[in-house]
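Taking the working numbering, the leading residue of the sequence shown gets 4, the next gets one more, and so forth.
See below for the structure under consideration.
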Amino acid sequence: MSTVQQVSSEAFSNIAFVKYWGKYGRQYPCNPSISMPIPQCKSFCSMEFELDDSNHGIESFEFEGSENTEFKNRINNYLESISDVYPLSNKLRLKIKTSNNFPHSAGIASSASAFAAIAKCLVQIEEIVVGKIENLNDRASMLARLASGSACRSISESEFTIWGKTKFDIGSNEFTQDVQLSDQTKDKLGWPLLDTILVVSSETKKVSSSQGHALMNTHLYKDARIEQAHENMRVIYSAIQNADLKTFGEIIENEALSLHALMMTSYPSFCLLHPNSLKIIELVKEFREQTGTNLYFTIDAGPNIHLIYPNIEKKIINEFITTNLLSLSESIIWGEPSEQ
Ligand code: PMV
């Protein structure tokens with residue numbers, strides 16, 4: 004009889020600044036993307052495992068302390084789908100527990116951090132059973148990508164993370180690449196950058212991300228979008244290296260609005276922004292013009308607004324958020340620096 008062993012892991016959620024939108028083949032991105040971890044939004048996973056060829060699969064799946072059949076089936080399907088690249092999935096009997104430190108129902112995607120935490124556990128098991136893995140993070144990132152594209156960017160905890168082949172010889176479609184900053188660059192940027200999330204509406208998404216990506220297959224602007232993303236990657240990468248927050252901010256806002264413009268001009272079309280999302284955008288722009296601060300926004304495929312700003316400007320910006328933006332949102336998840 005084989006013994007029962009246990010592994011555990013945690014992973015941060017991430018926010019994309021150049022957005023991944025459109026995919027092909029086996030979860031390959033149509034364009035490269037770049038993101039930053041969201042340290043205040045974490046998922047945790049623990050797995051009890053034993054080798055059992057004849058009875059492999061998930062024995063139990065607990066999400067936040069309760070048995071969850073929907074997640075259990077989803078992860079079982081995922082494990083089956085990766086059996087060619089992760090043959091252990093045909094040999095393991097698993098008891099899985101996951102949880103998040105941020106509200107599940109707040110309209111913040113937890114799939115990236117959850118799948119990243121699951122993939123981290125899978126590679127730990129592989130190391131125990133099969134032996135040393137050379138590039139543990141690359142392997143975990145590849146496995147996370149096969150669960151949900153943006154999850155591959157949640158393996159890394161470095162300042163920025165790139166996924167997808169760029170036109171400047173950085174990045175791979177298979178897994179992510181870290182972008183680390185020198186202390187000098189961090190100082191100039193007022194590091195860390197914070198991400199305060201205004202939950203404008205926590206209603207379930209009108210369109211799943213898989214449906215959203217599929218809309219790009221036949222989109223009239225598909226080629227132009229891919230070009231735009233490559234150019235934005237080039238500009239944002241150099242803005243980061245040069246600690247040029249103004250250019251960085253211009254790109255992230257352009258990307259957020261482009262993502263929504265693409266959805267509004269798809270067939271069928273989707274308007275995912277809420278009237279309050281638009282009000283917040285206007286107020287952020289006004290505040291920035293009046294104060295010269297580095298407060299920028301980005302948005303995922305939903306109505307919630309991510310406010311991005313350097314920690315050193317936190318006092319005045321948090322005051323502005325509390326006084327002017329809180330009333331336009333259902334709830335808020337304040338940006339916090341990473342504890343490390
Ligand atoms: O990882 P998915 O399939 O949920 O797609 C995520 C897409 C966006 O969040 C809209 C953009 C991104 O790069 O994270």
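Note that CB positions come from ideal geometry on N, CA and C, so glycine has one too.
On a predicted model such as this, the values are computed, not experimentally measured, just so you know.
#1: Consult DSSP for I37 and reduce its assignment to one of helix, strand or coil.
#2: Can you grab the Cα-Cα spacing for the pair S144 / I158, in whole Å?
#3: Ligand 1 and K22: does any heavy atom of the ligand fall closer than 6 Å to the residue's C-beta?
#4: Residues in its own chain within less than 7 Å of I41 by CB, not counting five upstream and five downstream?
#5: Helix, strand or coil for I302? Go by DSSP, reduced to three states.
#6: Within 10 angstroms of the Cβ of T164, are there 16 or more other Cβ atoms? Answer buried if so, exposed if not.
#7: For the region 204-212 against the region 245-265, are there 3 or more C-beta pairs whose distance is under 8 Å?
#8: Looking at D303 and ligand 2, is the gap between the Cβ and the nearest heavy atom below 6 Å?
#9: Report the residue from Y27, E53, C124 and S280 whose alpha carbon sits nearest the alpha carbon of K94.
#10: Per the contact definition of three or more C-beta pairs closer than 8 Å, is the region 175-184 in contact with the region 292-310?
#11: Looking at the unbroken beta strand (DSSP E) that takes in N103, where does it start and where does it end?
#12: Take K209 and list the residues in its own chain whose beta-carbon comes closer than 7 Å to its own, dropping the five residues that flank it on each side.
#13: Grab me the residues of N79's own chain with a C-beta within less than 8 Å of its C-beta, minus the 5 sequence neighbours each way, in chain order.
#14: Can you tell me where the beta strand (DSSP E) with N3 in it begins and where it stops?
#15: Using three-state DSSP, classify C274 as helix, strand or coil.
#16: Is the Cβ-Cβ distance between S114 and S46 less than 7 Å?
#17: Using 7 Å as the threshold, is the C-beta distance between N297 and L328 below it?
#18: Which of the three DSSP states, helix, strand or coil, is assigned to P313?
#19: Would the beta-carbon of A19 be found less than 6 Å away from any heavy atom of ligand 1?
This is what the structure gives:
#1: Residue mapping note: residue 37 aligns to position 34 of the sequence shown, counting from 1. Strand, per DSSP.
#2: For this step, residue 144 is matched to residue 141 along the sequence shown. For this step, residue 158 is matched to residue 155 along the sequence shown. Going by the C-alpha atoms only, they are around 6 Å apart.
#3: Mapped onto the sequence shown, residue 22 falls at position 19. Checking the Cβ of K22 against ligand 1 gives yes.
#4: For the purposes of this step, residue 41 is taken as residue 38 along the sequence shown, with counting starting at 1. Excluding positions up to five away in sequence, the list reads F15, S16, N17, I18 and D198.
#5: As a working note, residue 302 is residue 299 in the sequence shown. Looking at I302 - three-state DSSP - the assignment turns out to be strand.
#6: Locating residue 164 in the sequence shown gives position 161, counting from the first residue. Buried, because 16 or more other Cβ atoms sit within 10 Å of the Cβ of T164.
#7: Segments in contact, no.
#8: Among the ligands present in this structure, namely ligand 1, ligand 2 is not found.
#9: For the purposes of this step, residue 94 is identified with residue 91 of the sequence shown, where counting begins at 1. Comparing Cα-Cα distances from K94 to each of Y27, E53, C124 and S280, the minimum goes to E53.
#10: Cβ pair count under 8 Å is below three, so no.
#11: As a position in the sequence shown, residue 103 is number 100, starting the count at 1. Residues L95 to N103.
#12: Reading the sequence shown from its first residue, position 206 is the one you call residue 209. Here the set comprises F273 and L275.
#13: Against the sequence shown, residue 79 aligns to sequence position 76. Here the set comprises G60 and I61.
#14: Shown here, the chain extends from 4 to 343; a query on residue 3 therefore has no answer.
#15: Looking up residue 274 in the sequence shown gives position 271. In this structure, C274 counts as coil in the three-state DSSP scheme.
#16: As a position in the sequence shown, residue 114 is number 111, starting the count at 1. As a position in the sequence shown, residue 46 is number 43, starting the count at 1. In this structure, S46 does not lie closer than 7 Å to S114 by Cβ.
#17: The count along the sequence shown starts at 1 and reaches residue 297 at position 294. The count along the sequence shown starts at 1 and reaches residue 328 at position 325. Taking 7 Å as the Cβ cut-off, N297 and L328 do not qualify as a contacting pair.
#18: As a working note, residue 313 is residue 310 in the sequence shown. The answer is strand: DSSP assigns P313 an E or B state.
#19: In the sequence shown, residue 19 corresponds to position 16, counting from 1. Yes; taking the cut-off as 6 Å, the Cβ of A19 has a heavy atom of ligand 1 nearer than that.
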